[in-house]
Structure formats: structure tokens, C-alpha cells
Amino acid sequence: MIELIVMIILLGSLVLVFSGSPYFGLFGVLIQSIGFSLYLFFCGLPFFGLLMVLVYVGGMMVVFLFSTILSAERYPGTSWSEFFVFSLCLILLVYPSLSSWHLFGSPLSLGGLSSELGYMEVFNSLGLLTCLIAFVLLVALVVVLIVGFEHSESSLRK
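First residue of the sequence shown? That's 1 in full-length UniProt numbering, and the numbers climb one at a time after it.
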């Protein structure tokens, strides 16, 4: 049974590598993540198998669909109303935390911020490495989008 699961993982990898469209790449990621989760199920780790499906498939589907939508829109633009609503929401989210800092009375104390960043303790010493990997993946996504925009305007004929 493990051999069949490894074949499913390899099939997903081949579909992902040799796909010409992001939609088929998404299908390859789906096959691959299901294969990895089945492998984890058979190794006695069902929770991590379900976690793999939720995080891997959910996150990658969002990234692929987001990049596909951005690449498909030729001239993306925003209106002033969207900017106004975004600014208003940002002010409503940030203002309560700024009002408790006493900007002009005493210097800012960032001691309370350490309890807010407690999620870094989950990763122990690998917290900074995890953040670095997330940043590298974000940069890779932006580079792929920029390359996609550059090649969408070129023509094969001259």
C-alpha cells in the first residue's frame, strides 16, 4: 500500500512539474498533498495528515488562485472608494492600540509586545528561520507575478 501512495506522490509531482497551466499545477499540488496525507495516516499520524490537507491544500489553493487572478487581469486598478474604505478600516484597527501608548507623555514601552509575540515560542529556536522562509516564499511569489506580467505583454511575432 505504501508503494501505491509513493506512486500517487510522484504522479502529483510530475503533474506539477510538467503542467503548462496553473490550473493543472493546482491539480498536481492537490494530488501530492493527498498522497502525503495518506502516507502520514499509514504512519500513525492522522492529526498531522489532516493538518497537511488543511494547511497545504488550503494555502496553496489560495496562492495559486490569487496569482492566476492577478495574472489574468491585464490592467489592475483601484478606485478612490476602495482606498477610502481600506484607510478607514486600517485606522479603526490601529487607533485603539495607539491610544494606549501615551505618545506625548512618557516614552513608548514595548514590554507588553513580548506577550503578544508569544507565538514565536511555539517554534522555539526555529521561529526566525520560519519567518525567513515565509519571507522568501513571499518574494518568490512576487517575482513570479512580475515575470508573468512581463511575458503577458510580449508577442511571438515581430
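Cβ atoms here follow ideal geometry from the backbone N, Cα and C, with glycine treated the same way.
Which residues mark the beginning and the end of the alpha helix (DSSP H) in which PHE66 is found?
Here the alpha helix (DSSP H) through PHE66 covers 58 to 72.
Is PHE47 helix, strand or coil by DSSP?
PHE47: helix per DSSP, three-state reduction.
Check each candidate in MET60, PHE41, SER19 and name the one with the smallest Cα separation from ILE5.
That would be PHE41, whose Cα lies nearest to the Cα of ILE5.
What are the boundary residues of the alpha helix (DSSP H) that LEU11 is part of?
Run containing LEU11: 2 to 17, per the alpha helix (DSSP H) assignment.
Is MET52 closer than 8 Å to PHE27 when the C-beta atoms are compared?
Going by C-beta atoms, PHE27 is not nearer than 8 Å to MET52.
According to DSSP, is GLY20 helix, strand or coil?
Of the three classes helix, strand and coil, the one that applies to GLY20 here is coil, per DSSP.
LEU141 and SER67 - do their beta-carbons sit closer together than 8 Å?
Result yes, Cβ atoms of SER67 and LEU141 sit closer than 8 Å.
Pull up the distance between the alpha-carbon of LYS158 and that of GLY20, whole angstroms please.
Because the pLDDT at LYS158 is just 48, under 50, the model does not fix this residue reliably, and the value given afterwards should be weighed accordingly. Rounded to the nearest angstrom, the two C-alpha atoms are 24 Å apart.
Compare the C-alpha of TYR23 against each of TYR39, ILE8, ALA72 and name the closest.
Checked all of TYR39, ILE8, ALA72; the closest Cα to TYR23 is ALA72.
For LEU50, tell me which candidate among ILE9, VAL62, SER33 has the shortest Cα-Cα distance.
Ranking ILE9, VAL62, SER33 by Cα distance to LEU50 puts SER33 first.
Only counting the same chain, and skipping five residues up and downstream in sequence, which positions put a Cβ closer than 7 Å to that of LEU11?
So the qualifying residues of the chain are ILE31.
Taking the Cβ atom as the reference point for each residue, do MET60 and VAL29 lie within a distance shorter than 8 Å?
Taking 8 Å as the Cβ cut-off, MET60 and VAL29 qualify as a contacting pair.
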